[in-house]
Amino acid sequence: MSLKYGVLGLLKAEPLHGYEVKNRFEAMLGGTWDVNIGQIYTTLQRLERDGLVRPVGARGDRGKQSYELSPAGQKALDDWLAQPDSGPQQLHEEIYVKLLLATRIANGDLKGMLARQKRAYLQRLRDLNRLEERARRDGRIDLARLVRGALLHTEADLKWMDELSSERFGTEGAKTE
Amino acid sequence: MDGRIVVGAFRDGGGENRMSELVRVTDITKVYQGGITGALNGVSVTIEQGEFTAIMGPSGSGKSTLLNLVAGVDRPTSGTVVVGGTDLGKLGEAGLARFRRDHIGFVFQFFYLLPNLTALENVLIPAQLKGDPASGRARELLERLGITDVANRYPARLSGGQQQRVAIARALINNPTLLLADEPTGALDRRSGDQVMELLGELHREGQTILLVTHDAKLATRHAARVISVVDGKVVDDARLESPERAASDVIRVRSEEASR
């Protein structure tokens, strides 16, 4: 997703200017999504151009302009919320590419790679567990839920490493070319 | 929390030095007749006092067997198990029973409370075997674990989470050197399981040495900074994990700056 729906969702509650959108967005995500103010302004301009938000009130000090959701923006937001997250699964991690390459390279040291990756996932689980604990302690239940999702994903990745570790690897990758 | 109970102090070192090593398992094998799963094949592991260690592996990997050997409820086919300076192989049955009573607290997946005894009576059994009335400590433990109000109930009238907390109180009544837990949340719903895990973490922070067996990597890494992986009767990894305070953004990214360009 882009920032677009995040901005629409925040404007649903009340009109906000750019900095307020940035601050609320970052607070909501608990630091797990970097945004810079430039991105926010660009997004607001595009949303205004497309008729999904409109300026409200006069420009405040230092030219701050608040925006509110238009009826079209409201509809776009509702449609997006009602839409399940589908389409191809996004795999951002290098390990997928590393594994594909390692099966094609004679000295790919797959076993070692899997063992190292397993360790890295265990460490990530440890970090996530501690983050979840801290989020709960701080009353950030929404962040704790997000972290729980990450825990389950990482557990799946770890299980995948386990499955691969029990397999025999040849040069099967070469045959697909 | 006042009236807290200090756990885990190793009182009875058998004249051994007080270095931090508590368990030393050396090259143990366990062979089961008829090829039952859970065999061990050359496992060596040491556990330090005060550690929270998780033993992780799929079912049938031998992880529970390893725990049972450390607990002295089972004997290895070959190799040695030394706990707190005591070589368990040198103990007879009576000596082994005494060792278990004095040094081991064991928590199981299915609680194993005696059905015809109340919660409090269950907690008291290990102390009574020792001739120690321990009723004051039992009350403290029940209080501490939040089960005082069900002290006089029979296990059948307790929820799973309550039964497991009674079982934990029973495991702690004799101030065990080592607390062993075999899938302690396996029969619990997530909320009760979280409470049990929270409790184990608390006990560890107070100094209790804990060995947790689980197939669940999320649980293994909750409190344990060390995760030993067992597969097909062998230790395939012994990971010592770091526990720094990390900012949320260093642990998890819903979307990074770079990716959003």
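Chains as they are written, first to last, in my numbering: chain A, 1 to 177; chain B, 1001 to 1261. We put the beta carbon where it would ideally sit given N, CA and C, even for glycine. All values derive from a computational prediction rather than experimental measurement.
Exercise for the section: Output the boundary residues of the alpha helix (DSSP H) element that contains K1090/B. Expected result: Taken as a continuous stretch (DSSP letters only), K1090/B belongs to no alpha helix (DSSP H), as it is neither H nor E.
Handout entry: Proximity test, Cβ basis, 8 Å: T1221/B and chain D
Key = Of the protein chains in this structure, namely A and B, none is chain D.
Practice task
Note down, in chain order, every chain A residue with its Cβ under 8 Å from the Cβ of D1267/B.
Solution key: Because chain B in this structure spans residues 1001 to 1261, residue 1267/B falls outside the shown range and cannot be described.
Handout entry: Start-to-end residues for the alpha helix (DSSP H) that takes in D162/A
Key = I141 to S165
Handout entry: Cutoff 8 Å: I951/B Cβ touching any chain A Cβ
Key = Outside the displayed span of chain B (1001 to 1261) sits residue 951/B, for which this structure offers no information.
Handout entry: Residue of G1193/B, A1156/B, D1216/B and V1236/B minimising C-alpha distance to R126/A
Key = D1216/B
Practice task
Provide the residue span of the beta strand (DSSP E) that contains N1041/B, from first to last.
Solution key: First-last of the beta strand (DSSP E) with N1041/B: L1040 to E1048.
Problem - Q1208/B classed as buried or exposed, judged by whether at least 16 other C-beta atoms fall within 10 angstroms - result: buried
Exercise for the section: Please confirm whether L1199/B and L1212/B have their CB atoms less than 8 Å apart. Expected result: no
Handout entry: From I1168/B, S1159/B and R1240/B, residue whose alpha carbon lies closest to that of E1140/B
Key = I1168/B
Exercise for the section: Give the residues of chain A in contact with A1167/B, contact being defined as C-beta atoms less than 9 Å apart. Expected result: Ordered by position in chain A, no residue passes the 9 Å Cβ test against A1167/B, which lies about 24 Å from the chain.
Handout entry: Beta-carbon neighbours of V1296/B, restricted to chain A and to distances below 8 Å
Key = In this structure chain B extends from 1001 to 1261, so residue 1296/B is not present and cannot be described.
Problem - Option nearest L1180/B by Cα separation, candidates A1039/B, K1130/B and I1047/B - result: I1047/B
Practice task
Can you give me the start and stop residues for the alpha helix (DSSP H) that F1052/B sits inside?
Solution key: That residue, F1052/B, is in no alpha helix (DSSP H); its beta strand (DSSP E) goes F1052 to M1056.
Handout entry: Member of R1255/B, G1034/B and S1044/B whose CA lies at the smallest distance from the CA of A150/A
Key = R1255/B
Handout entry: Rounded C-alpha distance that separates L1219/B from E93/A
Key = When the Cα atoms are used, L1219/B and E93/A turn out to be separated by approximately 24 Å.
Exercise for the section: Using a cut-off of 7 Å between C-beta atoms, extract the partners of V147/A located in chain B. Expected result: I1252
Exercise for the section: Verify the CB distance criterion: does D127/A have a CB-CB separation below 8 Å to chain B? Expected result: Chain B has a Cβ within less than 8 Å of the Cβ of D127/A.
Exercise for the section: Using 10 angstroms around the beta-carbon of K1030/B, count the other beta-carbons present and answer buried if the total reaches 16, otherwise exposed. Expected result: buried
Practice task
State the start and end residues of the unbroken alpha helix (DSSP H) segment that holds T32/A.
Solution key: Careful: T32/A lies outside any alpha helix (DSSP H) and carries neither H nor E.
Handout entry: 9 Å Cβ cut-off: residues of chain A touching K1234/B
Key = Residues of chain A passing the Cβ test: none, with the nearest at roughly 12 Å.
Problem - Contact set for V147/A: own chain, Cβ-Cβ below 8 Å, skip 5 residues either direction - result: L128, L131, E132 and A135
Exercise for the section: Check the DSSP bridge columns for Y67/A and list the partner residues they point to. Expected result: For Y67/A, which the question treats as bridged, DSSP gives the partners L16/A and P55/A.
Exercise for the section: Using the Cα positions of R1153/B and V1123/B, report the straight-line distance between them to the nearest angstrom. Expected result: 12 Å
Problem - Backbone CA spacing between Q64/A and V53/A [nearest angstrom] - result: Note that residue 64/A corresponds to Lys in the displayed sequence, not to Gln. Using only the alpha carbons, I get a separation of about 15 Å.
Exercise for the section: Give a yes or no on whether 8 Å exceeds the smallest Cβ distance from L1243/B to chain A. Expected result: Note on identity: in this sequence residue 1243/B is Ser, with Leu being the wrong assignment. So yes, S1243/B belongs to the interface.
Handout entry: Residue-level contact to chain A via CB, R1255/B, 8 Å cutoff
Key = R1255/B counts as touching chain A.
Problem - Extent of the continuous beta strand (DSSP E) run through T1185/B - result: It is not in any beta strand (DSSP E) - T1185/B carries neither H nor E in the DSSP assignment.
Problem - Assigned secondary structure, E1021/B (DSSP; H/G/I helix, E/B strand, else coil) - result: Of the three classes helix, strand and coil, the one that applies to E1021/B here is strand, per DSSP.
Problem - Whether F960/B touches A1171/B by CB criterion (8 Å) - result: Only positions 1001 to 1261 of chain B appear in this structure, which leaves residue 960/B out of reach.
Problem - chain B within 8 Å of A150/A, Cβ atoms only - result: A150/A counts as touching chain B.
Practice task
For R1246/B, return the contacting residues in chain A, with the cut-off set at a CB-CB distance below 9 Å.
Solution key: Simply D127, R130 and L131.
Handout entry: CB contact below 8 Å: L143/A versus chain B
Key = yes
Handout entry: Of the listed residues R1101/B, S1044/B, D1132/B and I1104/B, nearest to T1080/B (C-alpha basis)
Key = S1044/B
Exercise for the section: With a 10 Å radius around its C-beta and 16 neighbouring C-beta atoms as the bar for buried, classify W80/A as buried or exposed. Expected result: exposed
Practice task
Consult DSSP for S86/A and reduce its assignment to one of helix, strand or coil.
Solution key: coil
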